[in-house]
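All the letters of the sequence shown, read from the start, carry residue numbers 178 to 366 under the numbering used here.
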Amino acid sequence: MVIIIGLTGPIASGKDIVANYLVKKGFSYYSLSQIVRDEADSKGLSKSREILQNIGNELRNKHGNKILAERIINKIDFNKNSVIDSIRNPGEIEILKKLGNFLLIGVTASIDTRFKRLLIRNKESDPKTYDEFLRLEARDRGINEPNSGQQVQKCLELADIQFVNEFNSIDEFEKQIEILLQEKKIIST
């Protein structure tokens, strides 16, 4: 039976590690953030995290909270297991659950751990100062955001499985991912 796994969690929590692990296990990869990045490209905008958040919010305001998930559903190969990254609004979860055999994984880590990871990974879109990180992190979680905005905290509350990623290495985290996904019979040994 084909399964669709959604990933949610705050910035730099380790969602990419879970997604990459699943891809190694044969899952197809899709990202709601890629839809937003494509929209930024089409408008000639930079891809800073704040601008990407604004674009995602604008799309949800204009087309409803499910729009990013609706667009990704049109791209999914339903003959293969899939992982959908960057879920940030409960409306996206609502429509994905209707597909059946959908499982939401939440990935978290402490604020300090996540900021250290940001500095190490140095993505173009990432905040560069701790204050900027805290501001964008609060917005990402949904603090003072409308229902159509970023709502990662609400998404985490809807997760079927939670991973706390305070591991010092990717290998350690992947071992825990493997153990839990085997226990849940999502992957085999």
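For glycine and all other residues, C-beta sits at the position ideal for the given N, C-alpha and C.
| Item | Value |
| --- | --- |
| Nearest-angstrom Cα separation, counted from residue 213 out to residue 321 | 21 Å |
| Buried or exposed by the 16-neighbour rule on C-beta atoms within 10 Å, applied to residue 317 | buried |
| Host beta strand (DSSP E) of residue 337 (start-end) | Here residue 337 belongs to no beta strand (DSSP E), and DSSP marks it neither H nor E. |
| Alpha helix (DSSP H) segment containing residue 200, residue limits | 192-201 |
| Candidates 282, 362, 229 and 178: closest to residue 301 by CA position | 229 |
| Residue environment, residue 334, which counts as buried when at least 16 other CB atoms sit within 10 Å | exposed |
| Whole-angstrom C-beta distance between residue 195 and residue 278, which should lie under 8 Å | About 18 Å; that fails the 8 Å criterion. |
| Bridge partner(s) assigned by DSSP for residue 260 | 182 and 206 |
| Cβ shell of residue 265 (< 6 Å), same chain only, five flanking positions each side left out | 327 and 329 |
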